[in-house]
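The block underneath contains the structure these notes are about, expressed in structure tokens.
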């Protein structure tokens, strides 16, 4: 049976297997012993089986309401719906660490399964590095945050979960986000393996890029889901709070985006090798510090540290070991990597370098803004906070040039390019951008929103132009163009789609900067006007729910006398946790969101007034839609023929060039 | 194009981008940073009127008044750290977790030593957790020390804050046995 003891044993077994996986293949690769190297895939899959068993046991305990398990008693309750009993497993510290380890095990097994065409030494080293990282985190799980710890006597009922977390969006947000974070462990392991081997070449770039792109897709979706959750659950009308936990996911996203671009240069031109290795190490290091430092509150609050010193010291030591160790190895081995191909500043390589510099500057700015307050409070005992005004003033000016270069960067030829022929192809895009600017000036207020909207249009239209030029659209029969489109590498279409996604997101952000809201306190029957709509509060009544009681309002929204929609925002009181949550009502027509929140009620019977917060959020859905489009573009480029079929061969000697076309 | 000229281009691009980033950060640091202040700091040296600050403390029990100006809801309440109290005006919906006698963070500007206009009120905590800044402020004011156990319950704060803060409102803050570090963070540039 799936008892907690079995789960604990399986976790310990996985930890031991991970340690063996981390040591033996490394020795094997060093001694060129094929038997030791061949152990790696089996060990990785064994470790995964152990972790899956452990995780299944924890889910089993949660579903069967085994309150003798402390983790279940603290976070679950009999009355909780089944879905949230399952998802609640990773809604707390211990469970989320186990999920983290499970996904890492999954990555190791994926390399074992899909990496059959890798050279055996490289594969053994990659799997071994993943095993070493896994050992550390499984030890952390076992020694300081054991999810299977028992409690005696077992309580009759659990303490329940924070009502805010009882939401399908949040239930699936952590696994996707974690897959993104942990997925960058694979490029990291490739980088470490390459450093140990002392060799990075085009084939390495080709192997590492799909893993980075896959992780990036998950991270993009995870961030978008988190932002969407905070938009529709927290009910404050915004979508991004710039708080450390959010920034912790944005920082690896920025360096990860730089990584998937610089890996192209390694793959095609064998340049930027050392930089790409550093980016792979940096991205995973940021993922690690993001999940563990910020979430566990070590840097933010001294209390979390003091409450459980063992946990804090362990995680700090582990982070120091992983990050410090890999950077030390980098410093020791990077000079031995040979420098790559030459290129002119104006070239595809040059554009990608610029992309990397700008993304890393953005990352540095976000990092500074995130780390400055904790350092100020640690060093100078000053409590400050850095919020939206700071990040708006620093990130937008750096993002604007990025959007400009994004337009024509993908159209530049490799090695050496002429700017003029490329720009010449973009006159239509430039014209449409000018039109968009004029429209934006009429519609939007503020300089930065107008610039952002115009450049977003520029990015979208020039991406479309790129594809249109490649398939020679309108230069011959449409059928021929469609045939060319089918023959076009999926990576190129994926790039254009992902860039279009960026444009859509930026348009959404520009639209949201024009959001309007009103806070009113009104009796039933009163009508407010906001953004050309008439909002009428027609009714407020109370309604019982499964483990709460709700006060539900009815707001009719009319435009020019016609009913557009009826919103039902509510306020829920959870008796068990003595907590209230607001349930936002949103009506969207994909161009704008009408967003209503019900606040407190005042007064006595007959003279009741209700506080309402009404928002009009133009283009809000585009922000998340764009992120989905980006992830779709990434996924499409993963289905490229070169990734599926072409088993890249390594050149016989490192000096041989021109493997990739 | 030699390796050397390429490296030169790279260095120029890096310096340009990172330089811009640094300049933007420094400029934003001088204008967009929000300092955290306690009621006693506001009382002793109110921050400039155009400077947004975060005011944190406990909501004095019995001090919350809600009224309606036209159709806009206006809430007034006192925030204290046990030494001084500042009255806060806020137009909007108070958060779900806003309670009398519990911790709160108000973001806005100080009009005078005892008068604060909030543009945002945060009460992001449950029954046991207290915002870090408020906990720090309470520790400094000597009301609670984490070494001696968990923070006092909301009920005991009710009585403490009512008596102490009302007294303090009448007479300006007296230095206590464990004085707060009097650094006037709010007025720093």
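Residue numbers (the UniProt record's numbering), protein chains in the order written: chain A, 1 to 661; chain B, 1 to 189.
Quick reminder that beta carbons are idealized off the backbone N, C-alpha and C, glycines included.
- Item | DSSP three-state assignment for residue 159 of chain A, whether helix, strand or coil | coil
- Could you give the uninterrupted runs of the alpha helix (DSSP H) lying entirely in the stretch 2 to 43 of chain B, keeping only those of 4 residues or more? 3 to 32
- Query: What residues in the stretch 67 to 78 of chain B have a beta carbon less than 8 Å from any beta carbon of chain A?
  - Reply: 68, 71, 72 and 73
- Query: Does any residue of chain A bring its CB to less than 8 Å from the CB of residue 101 of chain B?
  - Reply: no
- Item | Contacting residues, own chain, Cβ-Cβ under 7 Å from residue 194 of chain A (five flanking each side not counted) | 200, 204 and 277
- For residue 583 of chain A, the three-state DSSP class (helix, strand or coil): strand
- Query: Among residues of its own chain, excluding the 5 on either side of residue 590 of chain A, which ones have a beta-carbon nearer than 6 Å to its beta-carbon?
  - Reply: 621
- Item | Where residue 356 of chain A falls, given that 16 or more other Cβ within 10 Å makes a residue buried | buried
- Item | Three-state class that DSSP yields for residue 535 of chain A in the structure shown | strand
- Query: Can you tell me where the beta strand (DSSP E) with residue 67 of chain B in it begins and where it stops?
  - Reply: 65 to 69
- Item | Span separating the alpha-carbon of residue 258 of chain A from that of residue 359 of chain A | 6 Å
- Item | chain A contact residues for residue 25 of chain B, given Cβ-Cβ distances below 7 Å | 365, 368 and 394
- Message: Here's a check: name, in chain order, each residue in its chain whose Cβ is nearer than 8 Å to the Cβ of residue 568 of chain A, leaving out the five neighbours to either side.
- Response: 552, 553, 554, 555 and 585
- Answer yes or no: does any C-beta atom of chain A fall closer than 8 Å to that of residue 157 of chain B? For residue 157 of chain B, the predicted structure reports a pLDDT of 47, less than 50, and the residue's modelled location is therefore unreliable. A value from the coordinates is still provided. By this cut-off, residue 157 of chain B is not an interface position.
- Query: In or out: residue 152 of chain A buried (at least 16 other Cβ within 10 Å) or exposed?
  - Reply: exposed
- Item | Sequence-distant residues of its chain with Cβ nearer than 7 Å to residue 118 of chain A (five each side left out) | 207
- Item | Residues of the stretch 514 to 526 of chain A whose Cβ lies closer than 7 Å to any Cβ of chain B, in chain order | 519, 520, 521 and 522
- Message: Just to confirm my understanding: we take residue 668 of chain A, look at its own chain, exclude 5 residues before and 5 after, and list those with CB closer than 7 Å. What are they?
- Response: There is no way to answer for residue 668 of chain A, as the model of chain A reaches only from 1 to 661.
- Task: Quick one: measure Cβ to Cβ for residue 94 of chain B and residue 600 of chain A, integer angstroms, because I've assumed they're closer than 8 Å.
- Result: 7 Å
- Going by other Cβ atoms of all chains shown within 10 Å of its Cβ, with 16 needed for buried, is residue 508 of chain A buried or exposed? buried
- Query: Just checking, does the stretch 266 to 285 of chain A make contact with the stretch 220 to 233 of chain A on the three C-beta pairs under 8 Å criterion?
  - Reply: no
- Query: Given residue 148 of chain A, which residues of its chain have a CB within under 6 Å of its CB, disregarding the five upstream and five downstream residues?
  - Reply: 4, 7 and 8
- Run down chain A in chain order and give the residues with a C-beta less than 8 Å from the C-beta of residue 34 of chain B. 384, 385, 386 and 387
- Query: Would you call residue 663 of chain A buried or exposed, if buried means 16 or more other Cβ atoms sit within 10 Å of its Cβ?
  - Reply: The structure shown does not extend to residue 663 of chain A, since chain A is modelled only from 1 through 661, so no value can be given for it.
- Message: Just to confirm my understanding: we take residue 72 of chain B, look at its own chain, exclude 5 residues before and 5 after, and list those with CB closer than 7 Å. What are they?
- Response: 91
- Message: Measuring straight from C-alpha to C-alpha, what distance separates residue 607 of chain A and residue 252 of chain A?
- Response: 53 Å
- Message: Quick check: what's the CA-CA separation for residue 12 of chain B versus residue 333 of chain A?
- Response: 26 Å
- Task: Can you have a look at residue 54 of chain B and say buried or exposed, based on whether 16 or more other CB atoms are within 10 angstroms of its CB?
- Result: buried
- Please list the residues of the stretch 309 to 325 of chain A that have a C-beta atom closer than 9 Å to any C-beta atom in chain B, keeping them in chain order. none
- Is residue 166 of chain A helix, strand or coil when you go by DSSP? coil
- Compare the C-beta of residue 345 of chain A against all C-beta atoms of chain B and say whether one is closer than 8 Å. yes
- Task: Pair every Cβ in the stretch 28 to 43 of chain A with every Cβ in the stretch 137 to 146 of chain A, then say whether three or more of these pairs are closer than 8 Å.
- Result: no
- Item | Three-state secondary structure assigned by DSSP to residue 641 of chain A | helix
- Message: Measuring straight from C-alpha to C-alpha, what distance separates residue 456 of chain A and residue 623 of chain A?
- Response: 12 Å
- Query: Excluding the five sequence neighbours on either side, which residues of its own chain have a C-beta within less than 6 Å of the C-beta of residue 527 of chain A, listed in chain order?
  - Reply: 534 and 536
- Task: For my contact list, residue 636 of chain A and residue 522 of chain A are in at a C-beta cut-off of 8 Å; report their separation, rounded to the angstrom.
- Result: Their Cβ separation, rounded to whole angstroms, is 49 Å, which puts residue 636 of chain A and residue 522 of chain A out of contact at 8 Å.
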